[in-house]
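J.:
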Amino acid sequence: MCVVIDCCCSRSFLPQVTGRTAWPASFKPILCECESFAFTLCAAHYSRGLPPKPLRNAQMSLHSTTAAESVHPERFIGAVELNRHAAHLGRDYQTRVADDSPPLEGRFGVDALPGGLVLRHASVRNRQDMCSRLQLCPGLKLIFVLGGEVDVRFGDRALPTGPGESYAYAVHLHETTTFERHARHGQSEHSLTLTVPHEWLRQRLVTLGDGRSGTRLPIRAHLCMQPWQPSAALRSSALALIASDSDGAGAGPARRLRSEALALAMVAEALPALLDTPATQEPPQPIDARRLRRMRDLVEHPDGAALTVDALAREAGMSRSSLQRHFHTCYGMSVQKFLRERRLQIADRALREDGASVVRAAELAGYSSAANFATAYRRVYGVRPSEHRRRVAQAQQLRD
0 MCVVIDCCCS RSFLPQVTGR TAWPASFKPI LCECESFAFT LCAAHYSRGL
50 PPKPLRNAQM SLHSTTAAES VHPERFIGAV ELNRHAAHLG RDYQTRVADD
100 SPPLEGRFGV DALPGGLVLR HASVRNRQDM CSRLQLCPGL KLIFVLGGEV
150 DVRFGDRALP TGPGESYAYA VHLHETTTFE RHARHGQSEH SLTLTVPHEW
200 LRQRLVTLGD GRSGTRLPIR AHLCMQPWQP SAALRSSALA LIASDSDGAG
250 AGPARRLRSE ALALAMVAEA LPALLDTPAT QEPPQPIDAR RLRRMRDLVE
300 HPDGAALTVD ALAREAGMSR SSLQRHFHTC YGMSVQKFLR ERRLQIADRA
350 LREDGASVVR AAELAGYSSA ANFATAYRRV YGVRPSEHRR RVAQAQQLRD
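First residue of the sequence shown: 0, per numbering that gives the first Met the number 0; consecutive thereafter.
1. Specify whether the segment 383–393 and the segment 354–371 touch according to this definition: at least 3 beta carbon pairs, one from each stretch, less than 8 Å apart.
2. Following the continuous beta strand (DSSP E) through R106, name the residue where it begins and the one where it ends.
3. So the candidates are L200, R132, V379, E104; which of them puts its Cα closest to the Cα of G115?
4. Can the beta-carbon of T175 be found closer than 8 Å to that of R378?
5. Indicate whether M332 and H221 have their beta-carbon atoms separated by less than 8 Å.
6. Along the chain, where does the beta strand (DSSP E) that runs through E188 open and close?
7. Which same chain residues end up closer than 8 Å to E268 when comparing Cβ atoms and leaving out the 5 residues on each side of it in sequence?
8. Pull up the DSSP beta-bridge partners for T177, would you.
9. Using the Cα positions of I142 and R383, report the straight-line distance between them to the nearest angstrom.
10. Please classify Q202: does DSSP put it in a helix, a strand, or coil?
11. Quick one: grab the DSSP three-state call for A315.
12. Return the chain-ordered list of same chain residues with a C-beta closer than 7 Å to the C-beta of T177, the five sequence neighbours on each side being excluded.
13. Does DSSP put P252 in a helix, in a strand, or in coil?
14. Taking the C-alpha atoms as reference points, what is the distance between Y407 and S187?
15. Which same chain residues, not among the five before or five after N82, have their C-beta less than 8 Å away from its C-beta?
16. Would the segment 297–316 and the segment 332–352 be scored as touching if the rule is three or more Cβ pairs under 8 Å?
17. Where S368 and F107 are concerned, what is the direct C-alpha to C-alpha distance, given to the nearest angstrom?
18. Taking the C-alpha atoms as reference points, what is the distance between H327 and P101?
19. Tell me whether P226 sits in a helix, a strand or coil according to DSSP, three-state version.
20. Going straight from the alpha carbon of A182 to that of A239, what length do you get?
21. Where does the unbroken alpha helix (DSSP H) through H84 begin, and where does it stop?
22. So, are the CB atoms of R255 and T192 less than 8 Å apart?
23. Among the candidates C136, A349, L270, R295, whose CA atom is the shortest distance from the CA of A167?
24. Once the 5 residues before and after E148 are set aside, which same chain residues still bring their CB inside 6 Å of it?
25. Rounded to whole angstroms, what is the Cα-Cα separation between A375 and G89?
26. Keeping to the same chain, check which residues put their C-beta closer than 6 Å to that of R219; ignore five residues upstream and five downstream.
27. Could you work out which residue in L363, H87, Q393, Q127 is closest to E104 when comparing CA atoms only?
28. With DSSP collapsed to three states, give me the class of M332.
29. With C-beta atoms as the reference, is M129 less than 8 Å away from V96?
30. With a threshold of 7 Å (Cβ to nearest heavy atom), would A97 be considered close to the ligand SAM?
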């Protein structure tokens, strides 16, 4: 008797056995050539000609309220696939596992979308203890945890857990940041993470808001973590997208359009929290509040990056020490660091939009040495300014 196994990859293959005696009494795993699905057969099934069972029961539903029961049909996810996906999320990916077997099973994918948006979607279970590390580029991270256990750190800050099984946070990264994920054997995770470039969000707000001040995105501190509230409709869309990975609809333009629509919906639902000015952080004294608003107006003005700390303190009507204290309360960083980052943003815009030379960009950023500017630029943006300028020029040639 021969049993034919049909995999989701449309292959049909035979178990590598020649007779019933080759089967042990216990379940025996069989891996398809596509290395996507593993099946089990036992002697009783084989002798009766019954179809094989996907490992751990492929009929488990993602909509289950129990995280341990909501992982999709088992698909082993190995180191090669994880490295390929990590290239879209950052650089210097490292992982520490107990052995060489695939560390994850379930569904995992990364979609690179227009405008530099990157959507990571996962419904996985850890097959062993695992620790992974990645260097993330600056940007906004919108994290939507649908269920399971998530133990991640951005720099020295751990992502808080929400009040329920499902929760969401926006994480602000203004410089290259070390990301770490820790997971235990048997632990499951169901989540979405959207990477939003700061420049993309700024341009969209200007375009959609016609430049009105009410649509300006307040500058948050590096590693600031803001909770936001996803709707039931967004949760349903997220579940449907992850489910499409397991029903054969994981490729093609329709699937990519659904992914892009979900990414835009995440931005739209997180936006109210992002635009909410942290009024509770202002000093209670009226005079300090007025001076703080004056300080904000000065540093957020297009010409504010050219100010010195002394000039800013004088214009805001504060002493230098008072300015530093209030500024750190508002922005979570020193005045010097804030101004340095603003100048780098101006230099970056000149490189991308005006075709400025590296020397000119260094001058705009306040550096007398182009080499020192290149070092600072690479630390923040992950590439050398000359390389960034060359990419922009090549893209312009293609458009022309």
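We put the CB at the ideal spot given by N, CA and C, even for glycine.
T.: With the structure as the only source:
1. yes
2. 103–111
3. L200
4. Yes. Within cutoff.
5. Closer than 8 Å, so yes.
6. It spans 187–195 - the beta strand (DSSP E) in which E188 sits, taken as one unbroken run.
7. W227, Q228, P229, S230, L233
8. Q134
9. 29 Å
10. Note: Q202 maps to helix in three-state DSSP.
11. helix
12. Residues R132, Q134, G154 of the same chain have their beta carbon placed closer than 7 Å to that of T177, with the five preceding and five following residues left out of the count.
13. Of the three classes helix, strand and coil, the one that applies to P252 here is helix, per DSSP.
14. Residue 407 lies beyond the stretch modelled for the chain, which goes from 0 to 399, so this question has no answer here.
15. Leaving aside the five residues that flank N82 on each side, the residues in its chain whose CB is nearer than 8 Å to its CB run, in chain order, Y92.
16. yes
17. Near 44 Å, if we compare the C-alpha coordinates of F107 and S368.
18. 45 Å
19. strand
20. 25 Å
21. 78–85
22. no
23. Comparing Cα positions, the closest option is L270.
24. Q186
25. Whole-angstrom Cα-Cα distance: 18 Å.
26. H171
27. Q127
28. coil
29. For M129 and V96, yes; Cβs fall inside 8 Å.
30. For the structure depicted, the ligand SAM is absent and the ligand set is empty, with no information on it obtainable.
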